[in-house]
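Here is the structure we will look at, set down as structure tokens.
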């Protein structure tokens, strides 16, 4: 019992640093969820392009980023670029790396949803004289988003939050990095990681609750 | 050192990457199947346990759980070797996700077929083995492939607990050669090739057991 | 002794009385058809008899044995009753032959060779010998139902239960299935058949039961019940159906 009291005392002492780390985690997670969604929409647009070469290239992009670990991309930018004279901050590296990666996944979700859209509707829109981009913006995207939106994109947000913990490996002082500091200071590794796990669980639960509320109050009436 | 020599050096870690990936896939399959079957059979009292398992292991980052197991457990007197630590973190997390995949596969089975099997006088266990599992696994192929890919992509975390996998080789090389860009590019290519290999293997298995009228979920 | 004796069978489902005191006797070699409007409890009756559904009250004797007594070996009971469903319910990951072999292997403990031989014989009886290696998705509705009948017959059941065996089929396929059921009728196979199909009732039955609102409203031979019954409710029901044939 005394152990735990001492540990909580330490946690309180580290409170400001932990909170700052948590802030950085949330900043990164929210940013990449948004950029990943926007970039994903862009990539999705390219995957249904009328030009075979564009389609081929985008498919290769999606396939490559789904098939390779994100951490490799992060290390490539963080450790591989400085010798060439390009030094990016950890946050920049993280945002670029995650965006490229998450965009590939989101494009795939949207693509799967797109396959579920009634092709007749798209033809009708084209027959009415809308341009390719207009059909995309007015018909394809809203439908694909509606089909993919809540479950897939909520999952993506949760994954982003959890995966953001890897960026401590490129020296970004987010929450997990601060937890390690705490652990190293008192050698209470198990307790520190347990605390970290609980905090992530709590945040994931919040996202789930938020997504439910969003679906009920914003999306359902809208669609 | 040219690009090919870099690739050759990195390739020495591929064996470890494969071992880690396969060990975690095996752990995930066993726990995922066990959880999905238990959920299906609904033995009383286990419902809460299953829900909590799924919630916890899908809510905690792989790296956090890995560190808890590898660096945290020794503090309370439990030394865990690196590969086992990967299995107890990445493997168990994959198990929670695979359980969902299998659950969806079970739900895709036509209940009329199960009723027919029951009417025939088959035991619950016989129905599970002869009818539900073979159908469920076929439905679950895409979900399994997704999860296996995820496991492969998290496998580089093995370097943080001292396993000399592809990632570890790359870090050693990069530290001594200042050619990080090429090295990590090569690492990306290696993982992509392993991913393609995994894809090809799964497709072959899928084709081998293909049945007309049972499509991917 | 009757093969099956049912007395005062009652089934309540979510506060509604689906079966309200059914009496039924089925002799060995006899074929009975159960008819009645949708929701009259026909399918529930069939499912109570092999305890896929637990009756609320009443008595069921199968080969003299009280099968509602606690401790009844329900699986052994079900193995003595062949059940053919409206929607065929073939195991779709197994070929036609494997569908038939499954029960023989698992329940009768036949060897692989014995099971194959028996399954082929049943397929021949259903005129499907060339379709053994096809999967359900590759068979027509009529062929699927014939495989389902073969699957049931392979177990040497004391009685075959049919639950609307032709209602998921188009007229041509349903004729194909009825022809084969008729052959079983001529072979003296004991059958209890729930159906909407007046052809089945007229040509393949020793006796017809008319069920309405969970009660047996009338029982008799087909001609009498279908053509000459005094109850306006029953003649109205068959009047509609009979013109369709």
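Residue numbers (the working numbering), protein chains in the order written: chain A, 1 to 223; chain B, 1001 to 1217; chain C, 2001 to 2245.
All C-beta atoms, glycine included, are put in the ideal place defined by N, C-alpha and C.
To the nearest angstrom, how far is it from the Cα of residue i to the Cα of residue j?
{"i": "residue 98 of chain A", "j": "residue 193 of chain A", "result": "24 Å"}
{"i": "residue 38 of chain A", "j": "residue 170 of chain A", "result": "25 Å"}
{"i": "residue 125 of chain A", "j": "residue 2119 of chain C", "result": "55 Å"}
{"i": "residue 163 of chain A", "j": "residue 2043 of chain C", "result": "54 Å"}
{"i": "residue 1060 of chain B", "j": "residue 1137 of chain B", "result": "27 Å"}
{"i": "residue 2124 of chain C", "j": "residue 2083 of chain C", "result": "20 Å"}
{"i": "residue 258 of chain A", "j": "residue 1199 of chain B", "result": "In the structure displayed, chain A extends from 1 to 223; residue 258 of chain A sits before or after that span and is not available."}
{"i": "residue 2004 of chain C", "j": "residue 1141 of chain B", "result": "46 Å"}
{"i": "residue 2056 of chain C", "j": "residue 2022 of chain C", "result": "12 Å"}
{"i": "residue 2047 of chain C", "j": "residue 2109 of chain C", "result": "26 Å"}
{"i": "residue 228 of chain A", "j": "residue 20 of chain A", "result": "Residue 228 of chain A is absent from the model: chain A starts at 1 and stops at 223."}
{"i": "residue 15 of chain A", "j": "residue 123 of chain A", "result": "58 Å"}
{"i": "residue 1069 of chain B", "j": "residue 1056 of chain B", "result": "15 Å"}
{"i": "residue 1122 of chain B", "j": "residue 2144 of chain C", "result": "21 Å"}
{"i": "residue 2227 of chain C", "j": "residue 2236 of chain C", "result": "10 Å"}
{"i": "residue 45 of chain A", "j": "residue 54 of chain A", "result": "10 Å"}
{"i": "residue 2245 of chain C", "j": "residue 2077 of chain C", "result": "Because residue 2245 of chain C sits at a pLDDT of 38, beneath the cut-off of 50, its placement in the model cannot be relied upon, and the following sentence gives the value as read from the coordinates. When rounded, the distance between both Cα atoms is 36 Å."}
{"i": "residue 30 of chain A", "j": "residue 1114 of chain B", "result": "46 Å"}
Measure from the alpha carbon of residue i to the alpha carbon of each residue in the options, then state which is nearest.
{"i": "residue 2178 of chain C", "options": "C:2163, C:2199, C:2158", "result": "C:2199"}
{"i": "residue 1193 of chain B", "options": "A:62, A:25, A:68", "result": "A:68"}
{"i": "residue 2219 of chain C", "options": "C:2227, C:2208, C:2053, C:2082", "result": "C:2208"}
{"i": "residue 2224 of chain C", "options": "C:2216, C:2126, C:2206, C:2213", "result": "C:2206"}
{"i": "residue 1082 of chain B", "options": "B:1006, B:1173, B:1189, B:1156", "result": "B:1156"}
{"i": "residue 2121 of chain C", "options": "C:2097, C:2190, C:2014, C:2111", "result": "C:2097"}
{"i": "residue 1016 of chain B", "options": "B:1148, B:1092, B:1159, B:1094", "result": "B:1159"}
{"i": "residue 2161 of chain C", "options": "C:2169, C:2170, C:2151", "result": "C:2151"}
{"i": "residue 1034 of chain B", "options": "B:1098, B:1062, B:1070", "result": "B:1098"}
{"i": "residue 196 of chain A", "options": "A:18, A:119, A:156", "result": "A:18"}
{"i": "residue 2091 of chain C", "options": "B:1112, B:1063, B:1080", "result": "B:1112"}
{"i": "residue 1190 of chain B", "options": "A:16, A:184, A:73", "result": "A:73"}
{"i": "residue 159 of chain A", "options": "A:190, A:139, A:201, A:142", "result": "A:201"}
{"i": "residue 1024 of chain B", "options": "B:1125, B:1150, B:1011", "result": "B:1150"}
{"i": "residue 2191 of chain C", "options": "C:2230, C:2233, C:2157", "result": "C:2157"}
{"i": "residue 1090 of chain B", "options": "B:1161, B:1038, B:1117", "result": "B:1161"}
{"i": "residue 118 of chain A", "options": "A:105, A:147, A:65, A:104", "result": "A:147"}
{"i": "residue 1011 of chain B", "options": "B:1201, B:1186, B:1027", "result": "B:1186"}
Using three-state DSSP, classify residue i as helix, strand or coil.
{"i": "residue 2032 of chain C", "result": "strand"}
{"i": "residue 2162 of chain C", "result": "strand"}
{"i": "residue 2178 of chain C", "result": "helix"}
{"i": "residue 2197 of chain C", "result": "coil"}
{"i": "residue 1133 of chain B", "result": "helix"}
{"i": "residue 2126 of chain C", "result": "coil"}
{"i": "residue 2120 of chain C", "result": "helix"}
{"i": "residue 2210 of chain C", "result": "strand"}
{"i": "residue 143 of chain A", "result": "helix"}
{"i": "residue 2238 of chain C", "result": "helix"}
{"i": "residue 2219 of chain C", "result": "strand"}
{"i": "residue 2245 of chain C", "result": "A caution first: residue 2245 of chain C carries a pLDDT of 38, below 50, which makes its placement in the model unreliable, though a value can still be read off. Three-state DSSP puts residue 2245 of chain C in coil, outside helix and strand."}
{"i": "residue 2010 of chain C", "result": "strand"}
{"i": "residue 1120 of chain B", "result": "helix"}
{"i": "residue 2005 of chain C", "result": "strand"}
{"i": "residue 1214 of chain B", "result": "coil"}
{"i": "residue 2017 of chain C", "result": "strand"}
Looking at chain E, is there any beta carbon in it that lies within less than 9 Å of the beta carbon of residue i?
{"i": "residue 2114 of chain C", "result": "Looking at the structure shown, chain E is missing, and the protein chains on hand are A, B and C."}
Any heavy atom of the ligand HEM closer than 8 Å to the Cβ of residue i?
{"i": "residue 2082 of chain C", "result": "Here there are no bound small molecules, and the ligand HEM is not part of this structure."}
| task | Can you give me, in chain order, the residues of the segment 1094-1110 of chain B that have a beta carbon less than 8 Å from any beta carbon in chain A? | result | Here the close residues number zero.
List in chain order: all unbroken alpha helix (DSSP H) runs of 4+ residues lying wholly within the segment 1041-1113 of chain B.
-> Here the runs fully enclosed are 1047-1059, 1062-1067, 1082-1086, 1092-1107.
Q.
Please list, in chain order, the residues of the segment 2078-2094 of chain C that have any C-beta partner in chain B closer than 7 Å.
A. Using a CB distance below 7 Å, the part of the segment 2078-2094 of chain C facing chain B consists of 2078, 2079, 2083, 2085, 2087, 2089, 2091, 2092, 2093, ordered along the chain.
Original post:
In chain order, which continuous runs of the alpha helix (DSSP H) of length 4 or greater are located wholly inside the segment 20-60 of chain A?
Top reply: Annotation: the segment 20-60 of chain A contains no complete segment of the alpha helix (DSSP H) (minimum length 4 residues).
### Task
Using a Cβ-Cβ cut-off of less than 8 Å, list which residues of the segment 1106-1138 of chain B approach chain C; keep chain order.
Against chain C - using a Cβ distance shorter than 8 Å - the residues of the segment 1106-1138 of chain B are 1110, 1112, 1113, 1115, 1116, 1117, 1118, 1119, 1120, 1121, 1122, 1123, 1126, 1130, 1131, 1134, 1135, 1138.
Extract the residue ranges of the alpha helix (DSSP H) inside the segment 1132-1179 of chain B, only unbroken runs of 4 or more that lie entirely within it. The qualifying runs are 1133-1139, 1141-1154, 1166-1177.
With 7 Å as the C-beta to C-beta threshold (strictly closer), list the residues of the segment 93-110 of chain A near chain B in chain order.
So nothing in the stretch comes that close.
Requested in this report: Select from the segment 1139-1163 of chain B all residues with a C-beta closer than 8 Å to any C-beta belonging to chain A, and list them in chain order.
Outcome: From the segment 1139-1163 of chain B, only 1149, 1152, 1153, 1154, 1155, 1156, 1157, 1160 have a Cβ closer than 8 Å to chain A.
ask   = When you check each C-beta in the segment 2140-2161 of chain C against every C-beta of chain B, which residues fall closer than 9 Å?
value = Those residues of the segment 2140-2161 of chain C that come within reach of chain B (Cβ to Cβ, closer than 9 Å) are 2148, 2151, 2152, 2155, 2161.
Only counting runs of 4 or more residues, tell me where the alpha helix (DSSP H) segments fall wholly within the segment 2057-2090 of chain C, in order along the chain.
Counting only runs of at least 4 residues, the segment 2057-2090 of chain C fully encloses the following alpha helix (DSSP H) elements, listed from N- to C-terminal order: 2074-2079.
Subject >> chain B contacts made by the segment 2094-2108 of chain C, where a contact means CB separation under 7 Å >> reply: For the segment 2094-2108 of chain C, which is checked against every Cβ of chain B, the residues closer than 7 Å are 2102, 2103, 2106, 2107.
* Closer than 8 Å, Cβ to Cβ, to anything on chain A: give me those residues from the segment 1165-1176 of chain B, in chain order. => So the list reads 1167, 1170, 1171, 1174, given in the order they occur along the chain.
Write down every uninterrupted run of the alpha helix (DSSP H) in the segment 2091-2116 of chain C whose length is 4 residues or greater and which is fully enclosed by it, in chain order.
Runs of the alpha helix (DSSP H) inside the segment 2091-2116 of chain C: 2096-2106.
TODO: Output the residue ranges of the alpha helix (DSSP H) runs that lie fully inside the segment 94-135 of chain A and measure 4 residues or longer, sorted by chain position.
DONE: Qualifying alpha helix (DSSP H) stretches, in chain order: 119-127, 132-135.
Margin query: Output needed in chain order: residues of the segment 1013-1029 of chain B with a Cβ under 9 Å from some Cβ in chain A.
Written below: Result list empty, no residue passes.
### Query
Which ranges does the alpha helix (DSSP H) cover as unbroken runs of at least 4 residues, wholly within the segment 144-182 of chain A, from first to last along the chain?
Segments of the alpha helix (DSSP H) lying fully in the segment 144-182 of chain A: 154-163.
| message | Against chain B, which members of the segment 2045-2060 of chain C pass a CB distance test of less than 7 Å? | response | From the segment 2045-2060 of chain C, only 2050, 2052 have a Cβ closer than 7 Å to chain B.
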